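A short write-up of the structure that comes next.
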Amino acid sequence: MSTASIAFDDVVAWFNLAAERLREARGYLTDLDSAIGDADHGTNMDRGFQAVLTILPTVPAGDIAALYKGAGRKILSTVGGASGPLYYTFMDRIGKTAEGKAELSGADFATALEAGIAGIQERGKAEPGDKTMLDALIPARDALRAGIDRGAAPADALAAAVEAAEQGMLATIPLVARKGRASYLGERSAGHQDPGATSSHLLLQAMADTFFRP
Amino acid sequence: MDPELPSPVGLVVVSHSPAIADGTAELAGQMAGPDVRIVPAGGLEDGSLGTDAVRIADAVRAADAGSGVVIVADLGSAVLSAETALELLEDPSRVRLSRGPIVEGAIMAAVQASIGATLDETLAAAEDARNLEKG
């Protein structure tokens, strides 16, 4: 049996797990980024999420909105690359949807993810198929919403979302990049998995491993 | 300067590299003279390469003498971070982000600011720098 909502402690657990996995994946993400980007995505994300760990104990217990917003601000000032403003906006918009809520239901979570992803789109002005983090996030968002609307258990809907993110991440391999440093490479960006889609999949996988668990 | 005149428009120089931001601000400052506030916001707090919207927002506050601020940036995340910095400011209505080249734009904007150009005239100078003829 799984639980039907996300509590403050679950979000703290998510940030901790995400930081741990980003540390493990640092070399892998940087290798992906060295093929088409500026070889800093792994170190940038690791630096950002390690910095987030330092603020977790300072957030008033129970304030999920403050947790996401505070983490976003920390990411903004420590990540350094384009993923800094993008993941900041993601966290900040999620935080805004969580205002005044002590727990997030499956439907609240779907709404939060939608707002976060809309923020990334607004900030980065990328479209699906541009070989960016959105290629993992948008299929995940849609799968989550479809599951919740169908009345699936949130844990199952989130598992389907992670699956969709993985497919989307793998589907970036043949794409030619149209955003960021990889777009300067033109056709030579094809044949490599997008590092941003990969870190987004990692974050969603960590959500599935910490949210709606028994 | 004449106390009757409005204070000049300020400039913020955003680059992934602290050396580029500092050097561009120094060069533009020499062209503009001492009255124009030109504040570099290059790299991350620890000195490594990157851009930081929080530092950019602080630089904008420091550069604003009352007539607003034009931001010039290099590319990629510098532009994203500058746009994000606007979200962090109390009053982003007096801030403009130039889409022109960073070095030439900073110099042209600084000179315009030094002769009392308005915020939008200073922005136009920064953006027109992309058309600069180099002989």
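Each protein sequence line maps, in turn, to chains A and B.
The numbering of the first sequence is the working numbering, which starts it at 133 and goes up by one.
The numbering of the second sequence is the working numbering, which starts it at -12 and goes up by one.
Note that the Cβ used here is the ideal one computed from N, Cα and C, for glycine as well.
Since the structure is predicted, the reported quantities are computational estimates derived from the model, not experimental observations.
| query | What does a CB cutoff of less than 6 Å around A:Q337 pick up in its chain, not counting 5 residues either side in sequence? | reply | Indexing the first sequence from 1 puts residue 337 of chain A at position 205. Correct list, in chain order: V294.
| message | For A:A272 and B:A50, what's the separation of their Cα atoms in angstroms? | response | Indexing the first sequence from 1 puts residue 272 of chain A at position 140. Indexing the second sequence from 1 puts residue 50 of chain B at position 63. Computed Cα separation, rounded: 42 Å.
| task | Whole angstroms is fine: what's the gap from A:Q104's alpha carbon to A:H333's? | result | Nothing in the structure corresponds to residue 104 of chain A, since chain A is present only between 133 and 346.
| Of the listed residues B:G16, B:V98, B:L110 and B:A8, nearest to B:S85 (C-alpha basis) | Looking up residue 85 of chain B in the second sequence gives position 98. With distances taken between Cα atoms, B:S85 lies closest to B:L110.
| task | Compare the C-beta of B:D39 with all C-beta atoms of chain A and state if any pair is closer than 8 Å. | result | Here residue 39 of chain B refers to the residue found at position 52 when the second sequence is read from its first residue. Closer than 8 Å to some Cβ of chain A, the Cβ of B:D39 qualifies, so yes.
| said: Using only the alpha-carbon positions, how far apart do A:A123 and A:A289 sit? | reply: Only positions 133 to 346 of chain A appear in this structure, which leaves residue 123 of chain A out of reach.
| Quick check: the stretch 136 to 156 of chain A against the stretch 176 to 191 of chain A, are there 3 or more CB pairs under 8 Å? | yes
| message | Please identify the residue among A:Y316, A:L269 and A:I249 whose C-alpha is closest to the C-alpha of A:F303. | response | Position 171 of the first sequence holds residue 303 of chain A. Correcting the residue type first, residue 303 of chain A is Ala in the shown sequence and not Phe. Closest option to A:A303, Cα to Cα, is A:L269.
| message | Give the list of continuous alpha helix (DSSP H) stretches no shorter than 4 residues that lie fully inside the stretch 243 to 298 of chain A. | response | 266 to 281
| query | Contact check, B:V82 vs B:V(-4) under 8 Å by CB: the rounded distance? | reply | If you number the second sequence from 1, residue 82 of chain B lands on position 95. If you number the second sequence from 1, residue -4 of chain B lands on position 9. About 10 Å; that fails the 8 Å criterion.
| said: Looking only at its chain, what residues have a beta carbon closer than 8 Å to the beta carbon of A:L307, apart from the 5 residues adjacent to it on each side? | reply: The count along the first sequence starts at 1 and reaches residue 307 of chain A at position 175. So the list reads G261, D262, K263, D267, S321, A322 and D326, once near-sequence residues are dropped.
| field | Residues of the stretch 40 to 71 of chain B with Cβ closer than 8 Å to any Cβ of chain A, in chain order | value | A40, V41, R42, G63, S64, L67, S68, E70 and T71
| B:V47 - containing alpha helix (DSSP H), residue span | If you number the second sequence from 1, residue 47 of chain B lands on position 60. Looking at the DSSP string, the run of the alpha helix (DSSP H) that includes B:V47 is A40 to A50.
| request: Under 9 Å between beta-carbons, which chain B residues line up against A:S209? List them in chain order, please. | output: Translated into positions along the first sequence, residue 209 of chain A becomes position 77. Result: L31, E32, D39, A40, V41 and R42.
| request: Pick helix, strand or coil for A:S237, following the three-state DSSP scheme. | output: As a working mapping, residue 237 of chain A is identified with position 105 in the first sequence. Correct three-state label for A:S237: strand.
| query | Helix, strand or coil: how does DSSP classify B:V98 here? | reply | In the second sequence, the residue the question calls residue 98 of chain B occupies position 111. Three-state result, B:V98: helix.
| Whose C-beta lies closer than 7 Å to the C-beta of B:V98 among residues of the same chain, with five residues either side of it excluded? | Indexing the second sequence from 1 puts residue 98 of chain B at position 111. M18 and A19.
| Is there a Cβ from chain B that is less than 8 Å from the Cβ of A:A203? | Indexing the first sequence from 1 puts residue 203 of chain A at position 71. With 8 Å as the cut-off, A:A203 does not count as an interface residue toward chain B.
| Host alpha helix (DSSP H) of A:L154 (start-end) | For the purposes of this step, residue 154 of chain A is taken as the residue at position 22 of the first sequence. Start and end: F140 to E156.
| field | Contact with chain A by B:S35, beta-carbon distance below 8 Å | value | The sequence position of residue 35 of chain B within the second sequence is 48, counting from 1. It does: the Cβ of B:S35 has a partner Cβ on chain A nearer than 8 Å.
| What does B:R117 pair with, by DSSP beta-bridge criteria? | Indexing the second sequence from 1 puts residue 117 of chain B at position 130. DSSP lists no partner for B:R117.
| said: Can you check which of these residues, B:E70, B:P(-7), B:V1 and B:D45, is closest to B:V90 by C-alpha distance? | reply: Your numbering for residue 90 of chain B matches position 103 in the second sequence. Here the closest residue by C-alpha is B:V1.
| said: Just to confirm before moving on: does the CB-CB distance between A:D172 and A:T162 stay below 8 Å? | reply: For the purposes of this step, residue 172 of chain A is taken as the residue at position 40 of the first sequence. For the purposes of this step, residue 162 of chain A is taken as the residue at position 30 of the first sequence. Cβ distance < 8 Å, so A:D172 and A:T162 count as in contact.
| field | Backbone secondary structure at A:M133 - three-state DSSP | value | Here residue 133 of chain A refers to the residue found at position 1 when the first sequence is read from its first residue. Per-residue confidence for A:M133 stands at a pLDDT of 49, beneath the threshold of 50, marking its modelled position as unreliable; the derived number appears in the next sentence. A:M133: coil per DSSP, three-state reduction.
| query | Per DSSP, B:V23 is paired with what? | reply | Here residue 23 of chain B is taken as the residue at index 36 of the second sequence, counted from 1. DSSP output for B:V23 lists no bridge partner at all.
| field | Contained alpha helix (DSSP H) runs [length at least 4] in the stretch 173 to 242 of chain A, N- to C-terminal order | value | 173 to 187, 196 to 210 and 215 to 229
| said: Suppose the cutoff is 8 Å on Cβ atoms and the five residues either side in sequence are ignored; what does the same chain contact list for A:E319 look like? | reply: Numbered from its first residue, the first sequence carries residue 319 of chain A at position 187. These residues qualify, in order along the chain: V308.
| Host beta strand (DSSP E) of A:A338 (start-end) | Working through the first sequence from its first residue, we reach residue 338 of chain A at position 206. A:A338 -> not in any beta strand (DSSP E); alpha helix (DSSP H) instead, spanning P327 to A340.
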